[in-house]
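Line order of the protein sequences matches chains A and B. Position one of the first sequence corresponds to residue 27 (the working numbering), numbered consecutively onward. Position one of the second sequence corresponds to residue 619 (the working numbering), numbered consecutively onward.
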Amino acid sequence: MSATVHDVDQQTAVTSLRSKDLLGISDLTPEEIMLILDTADAMQEIASRPIKKVPALRGKTVVNLFFEPSTRTRTSFEIAEKRLSADTLNIAIATSSVVKGETLADTALNLEAMRPDMIVLRHSSSGACHLLSRICKSAIINAGDGMHEHPTQALLDAFTIRERKRRLDGLKVAIIGDLLHSRVLRSNILLLTKMGADVWVCGPPTLMPADIRRFGVTATSSVDAAVKDADVIMLLRIQLERMEGAFFPSLREYFNVFGMTEARMQLARPDVIIMHPGPMNRGVEIASEVADGPYSVILDQVANGVAVRMAVLYLLAGGAEHEEAA
Amino acid sequence: MPDSKSAVVMDADRIARTLTRIAHEIVERNKGVDDVALIGIRTRGVYIARRLARTLKQITGDEVPTGALDITLYRDDLMRNAVGPQPVIRRTEIPFSIDDKKILLVDDVLYTGRTTRAALDALIDFGRPKGIQLIVLVDRGHRELPIKADYVGKNLPTNPEESVQVRLQETDGNDEVVLQQEEAAI
Numbered sequence: 027m028s029a030t031v032h033d034v035d036q037q038t039a040v041t042s043l044r045s046k047d048l049l050g051i052s053d054l055t056p057e058e059i060m061l062i063l064d065t066a067d068a069m070q071e072i073a074s075r076p077i078k079k080v081p082a083l084r085g086k087t088v089v090n091l092f093f094e095p096s097t098r099t100r101t102s103f104e105i106a107e108k109r110l111s112a113d114t115l116n117i118a119i120a121t122s123s124v125v126k127g128e129t130l131a132d133t134a135l136n137l138e139a140m141r142p143d144m145i146v147l148r149h150s151s152s153g154a155c156h157l158l159s160r161i162c163k164s165a166i167i168n169a170g171d172g173m174h175e176h177p178t179q180a181l182l183d184a185f186t187i188r189e190r191k192r193r194l195d196g197l198k199v200a201i202i203g204d205l206l207h208s209r210v211l212r213s214n215i216l217l218l219t220k221m222g223a224d225v226w227v228c229g230p231p232t233l234m235p236a237d238i239r240r241f242g243v244t245a246t247s248s249v250d251a252a253v254k255d256a257d258v259i260m261l262l263r264i265q266l267e268r269m270e271g272a273f274f275p276s277l278r279e280y281f282n283v284f285g286m287t288e289a290r291m292q293l294a295r296p297d298v299i300i301m302h303p304g305p306m307n308r309g310v311e312i313a314s315e316v317a318d319g320p321y322s323v324i325l326d327q328v329a330n331g332v333a334v335r336m337a338v339l340y341l342l343a344g345g346a347e348h349e350e351a352a
Numbered sequence: 619m620p621d622s623k624s625a626v627v628m629d630a631d632r633i634a635r636t637l638t639r640i641a642h643e644i645v646e647r648n649k650g651v652d653d654v655a656l657i658g659i660r661t662r663g664v665y666i667a668r669r670l671a672r673t674l675k676q677i678t679g680d681e682v683p684t685g686a687l688d689i690t691l692y693r694d695d696l697m698r699n700a701v702g703p704q705p706v707i708r709r710t711e712i713p714f715s716i717d718d719k720k721i722l723l724v725d726d727v728l729y730t731g732r733t734t735r736a737a738l739d740a741l742i743d744f745g746r747p748k749g750i751q752l753i754v755l756v757d758r759g760h761r762e763l764p765i766k767a768d769y770v771g772k773n774l775p776t777n778p779e780e781s782v783q784v785r786l787q788e789t790d791g792n793d794e795v796v797l798q799q800e801e802a803a804i
C-alpha cells in the first residue's frame with residue numbers, strides 16, 4: 027500500500043531533549059534537531075483547526091522577557107504559548123546603557139520567585155541566556171542573545187527548507203548579507219552544517235568575520251559563486267542599527283553588488299527557494315520582485331515559526347530527566 | 619513471538635472476519651454510510667479505520683472519509699510527571715469537516731477509557747459532529763471512566779497485570795491479538 031511520510035511511525039532516534047533549556051543550536055545533537063522538527067510537523071496542523079488550541083500546557087506559566095524590541099519573534103512565541111494553553115506574561119524592558127548583568131540577574135530572580143515554568147529571553151548581550159540558565163530553575167529559551175545565537179529562527183528555517191526539499195543533507199545553501207552582526211547566521215550555520223548541508227556565506231569583506239571558515243562553510247565575496255546551483259538562498263538583513271562607521275559606501279551600492287535580483291537568481295537551481303528572517307529592507311538586500319516571487323518562502327517561515335516554537339515549548343515543558351523534583 | 623506466558627486470542631482470519639462483521643453493523647445501524655466518517659486513533663486505530671473504510675466501500679460502493687487523530691496533547695497524564703521525557707507527538711490528519719457527521723471513532727484496545735476521553739475532547743475542537751460512535755477491536759474491561767464502545771470486535775476478560783497486544787500487518791508485519799502475562803517488575 028502507498029505510504030506517505032506520516033503513515034509510518036517516524037523513526038525518531040531520541041524522544042526527549044537532554045537539557046532543561048534551549049540556549050543555542052551548539053548544544054543540540056542532530057537527533058535532537060530532528061525530534062524538534064518532527065514534533066513541529068505534528069504541531070503545524072493545529073493552526074488549521076477551527077479551534078486553534080490544545081490543552082497540553084494548561085497551568086504552565088511562560089514569561090516572555092524581552093530586553094530588545096521584537097515584533098515577529100515575540101508575537102510568534104506568544105501565539106505558540108497560547109495555542110498550547112499556557113498562561114503568558116509579556117515583559118518588555120527597554121535597554122539602557124546602565125542595564126548590565128547584575129540587573130538582569132536580579133530581574134530574573136524576582137521573576138523566579140513567582141514560579142514561572144519557562145522564560146523566553148531576548149537580550150542584547152551575548153550569553154545572557156546562559157547566565158539565566160545557571161541561576162534559574164525555570165526552562166530558559168533563547169529568543170536571541172546579542173550577536174550570539176537565535177536558535178528558534180534557525181530551527182524554523184530548517185523546518186521550512188525540509189518542508190520544501192524533504193531533506194537538509196547535501197543541499198547547497200547560500201547565505202548572503204551582513205555576516206558580522208547576525209546571530210541568525212551563526213545559529214543557521216551551526217544547524218545546517220550539523221545536518222550535512224553545504225553552506226556558502228557571502229557578503230562584503232567588511233561584514234565578513236575573519237574566522238568564519240572555521241565553522242565549516244565556504245566564504246566568498248562573489249554573489250555569483252555563492253548563488254550558482256544553490257538549492258536555498260537565504261538573505262540577511264543589513265542591520266543598520268548595529269553599524270557604526272562605514273562598512274560599505276551606500277545602500278544603493280550594496281544593492282548593486284549584493285542585492286538579490288531575478289537576474290542573479292538565474293544561476294541558482296530552477297527550484298531554488300528564497301528565504302529571509304525578516305524584517306526585510308526591500309531594495310537593499312532583496313529586490314521586491316524576488317521577495318514577492320513564487321520561489322519566496324518568506325511568509326512560510328513566519329507561519330512555521332509558530333509550529334517550531336510550539337514544539338520547543340512542548341518538549342521543554344516536561345523538564346530535563348536529571349532535574350531534581352522541587 | 620508468543621512464549622509460554624502469552625496466548626494468541628485472535629488470529630489473522632478472526633480479525634478479518636470481525637472487521638467485516640463490524641462493517642455490516644455500521645451499515646445496519648446508520649442505515650447506510652451517508653454522513654458517516656471514520657477517525658482512527660494513532661497508531662493502530664488508523665489502520666483499523668482504513669480497513670473498515672475499504673470493507674464499507676465493498677459493501678455500499680461509497681467512499682467513507684477517513685482521518686487520523688493523535689491524542690497525545692489531550693492526555694490527562696501529560697504534565698502530571700513534572701520531570702521526564704515528553705511523549706512523541708504525531709500528526710493529526712482530518713481532511714474533512716466533522717460538522718454534522720456521524721463520526722466513528724476507532725481504537726485497537728479499550729481499557730481504562732482515558733484515551734477515548736482524550737479523543738472525544740480533541741474531536742470537539744474540530745467541530746460539532748451529529749454524533750460519535752466508538753469502535754474497538756478488543757474490549758479488555760477495567761474502565762476508569764464512564765465510557766462504553768458501540769461496536770466491539772471481541773470482549774476479552776483480563777487481569778490488570780496482563781497486557782493485550784494488537785499486531786497489524788501495517789505496523790508489525792502480521793495480524794494477531796496476543797494476551798500477555800506481564801512480569802511483576804513491569
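The beta-carbon is built from N, C-alpha and C at its ideal position, and this holds for glycine as well.
For Q798/B, the enclosing beta strand (DSSP E) starts and ends at 794 to 799. In the three-state reduction of the DSSP assignment, M286/A falls in the strand class.
Taking C-beta separations shorter than 8 Å and ignoring five residues to either side along the sequence, the partners of H642/B in its chain run I677, following chain order. A contact between stretches requires three or more CB pairs, one per stretch, nearer than 8 Å, and the stretch 100 to 114 of chain A fails this requirement with the stretch 733 to 744 of chain B. Nearest to A134/A by C-alpha distance, out of V89/A, S248/A, I72/A, is V89/A. Flagged as an interface residue toward chain A: Q704/B, by a C-beta distance shorter than 8 Å.
Positions of the alpha helix (DSSP H) runs, each at least 4 residues long and wholly inside the stretch 124 to 181 of chain A, are given as 127 to 138, 154 to 161 in order along the chain.
Minimum Cα-Cα distance from D250/A among the listed residues F273/A, F241/A, G285/A corresponds to G285/A. At least 8 Å separates the beta-carbon of E279/A from that of A313/A.
Sequence-distant Cβ neighbours of A671/B in its own chain, meaning closer than 6 Å and more than five residues away, are L656, V682, T684. Within chain A, not a single residue places a beta-carbon under 9 Å from that of L723/B; the smallest gap is close to 17 Å. Under a criterion of Cβ atoms nearer than 8 Å, the residues of chain A adjacent to F744/B are, in order, R75, P76, I77. Between the stretch 720 to 732 of chain B and the stretch 750 to 760 of chain B there are three or more inter-stretch CB-CB distances shorter than 8 Å, so the stretches are counted as touching. Using beta-carbon distances, V88/A does not count as an interface residue toward chain B, since no partner is under 8 Å. Residue-level contact check: E71/A touches chain B, since one or more beta carbons of chain B fall below 8 Å from its beta carbon. For R308/A, no alpha helix (DSSP H) segment is defined, and its DSSP state is neither H nor E. DSSP lists A655/B, I750/B as the bridge partner or partners of I721/B. Per the coordinates, the alpha-carbon of S248/A lies some 7 Å from the alpha-carbon of C228/A. Under the three-state reduction of DSSP, T789/B is assigned to helix. Identification of chain A residues near Y729/B by a Cβ-Cβ cut-off of 7 Å yields none; the smallest Cβ-Cβ distance measures about 21 Å. If you look at V253/A, you'll find it in the alpha helix (DSSP H) that goes 249 to 253. Sequence-distant partners of G196/A (beyond 5 residues in either direction) whose C-beta falls short of 8 Å from its own C-beta, in its chain, are G222, A223, D224.
Contact between the stretch 649 to 663 of chain B and the stretch 624 to 638 of chain B is absent: fewer than 3 CB-CB pairs across the two stretches fall below 8 Å.
Contact check between the stretch 170 to 184 of chain A and the stretch 311 to 325 of chain A: fewer than three CB pairs, one atom from each, fall below 8 Å, which does not count as touching. Residue environment analysis places P177/A among the buried positions, since at least 16 neighbouring C-beta atoms fall within 10 angstroms of its C-beta. Listed in chain order, the positions of the stretch 682 to 694 of chain B with a beta carbon within less than 9 Å of a beta carbon of chain A are A686, D688, T690, L691, Y692, R693.
Taking a Cβ-Cβ cut-off of 7 Å, the neighbours of T710/B in chain A comprise E71, given in sequence order.
In the DSSP assignment, A686/B forms a beta bridge with G658/B, E711/B. Cβ atoms of I51/A and L217/A come within 8 Å of each other, at about 5 Å. At a C-beta separation below 8 Å, M697/B has these neighbours in chain A: A82, L83, R84, G85, K86, A343, G344. Within chain B, the C-beta atoms nearer than 7 Å to that of D67/A come from R709, in chain order.
Here D739/B has Y692 as same chain residues with Cβ atoms under 8 Å from its own Cβ, once five neighbours each way along the sequence are excluded.
With distances taken between CA atoms, I187/A lies nearest to V328/A out of V328/A, R239/A, K78/A.
Closest option to D326/A, judged by alpha-carbon separation, among M140/A, Q179/A, V199/A, L277/A: Q179/A. Just measuring C-alpha positions, the residue of I644/B, I666/B, I750/B, N777/B sitting nearest I765/B is I750/B. Inter-residue distance for T789/B and A630/B is about 14 Å (C-alpha atoms, whole angstroms).
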